[in-house]
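Quick notes on the structure that follows.
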Amino acid sequence: MQIEIHADVLCPWSYIAKRRLEAASALAGTPVTTVWRSFELSPEGGPMPGDSAADMIRQWRGDAAEARINEIMSLGAAEGIRLDLENARPVNSFNAHRLVHLGAAVGKADAVMERLLRAYHSEAQNIANLGVLDRLGREAGLEPSAVAELLVGKDFADAVRADRRLAVERGISGVPVMVLAGAAPTSAVKQVEELAGLLRQAAGSQPGG
């Protein structure tokens, strides 16, 4: 079964949703092929890291910030993810999304997205740095020559922009959001049991289901 997920590497909820969907797929006994749709949370961002994700939450939420930071890290830990909000520093994710599209072209989008998410959220790596992206692409199993060619050119730039337009057409303004079997877009941050139920329902509605 195919599922589309609008997500950004910078989004900790996207990482949490990925883990929960993986668990839901196993629980439902429904294999899932994920189509990752690019969604830049900070398209105006630059390649150089600035304030940490935690500090940005503090700027946005004031007195409620620490509770929010602890909530996000705790939910990540429950899914086996280390979300290092104090050291993860948002940058422009456009080239990271291009790398995911390169992965999709060779059937490795999920591996590329996984490596990027871990690099940014758990290892505090700069996923806008071309040298970092070159290494991460190779570590995700992409051909070194293909990664190098991507990073010096503009391949898949139009695909990233097309995903953004698709999100607008679908009324999506935040991520992660999933589109399952042609249904209306919905939050991908649901409990595993609920996600499993949606997968079973979608599988049953497909021809031969």
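Under the UniProt record's numbering, the sequence shown is numbered contiguously, ending at residue 209.
Just so you know, even glycine gets a beta-carbon here, dropped at the ideal spot from N, CA and C.
Note that the structure is a prediction, hence the values are computed from the model and not measured.
First through last residue of the alpha helix (DSSP H) which encompasses residue i
i    : result
M73  : 65–78
V100 : 94–105
L117 : 109–121
L133 : 130–139
Outcome for residue i when other beta-carbon atoms lying within 10 angstroms are tallied against a minimum of 16
i    : result
P31  : exposed
E86  : exposed
A64  : exposed
G174 : exposed
D51  : exposed
Member of the options whose CA lies at the smallest distance from the CA of residue i
i    : options               : result
T33  : G45, K18, P43         : K18
S205 : A183, F156, A159      : A183
L130 : A203, P47, E143       : P47
A88  : A196, D55, A148, G153 : D55
V35  : A181, E169, V192      : A181
Distance CB(residue i)-CB(residue j) smaller than 8 Å
i    : j    : result
P12  : L83  : yes
H101 : A28  : no
A128 : N95  : yes
A188 : V177 : yes
P90  : A53  : yes
Length of the line joining the Cα atoms of residue i and residue j
i    : j    : result
Q25  : N92  : For the record, residue 25 in the displayed sequence is Ser; it is not Gln. When rounded, the distance between both Cα atoms is 31 Å.
L195 : E22  : 10 Å
L75  : A105 : 32 Å
R138 : Y15  : 20 Å
I5   : L198 : 14 Å
Element boundaries [beta strand (DSSP E), containing residue i]
i   : result
R37 : 33–38
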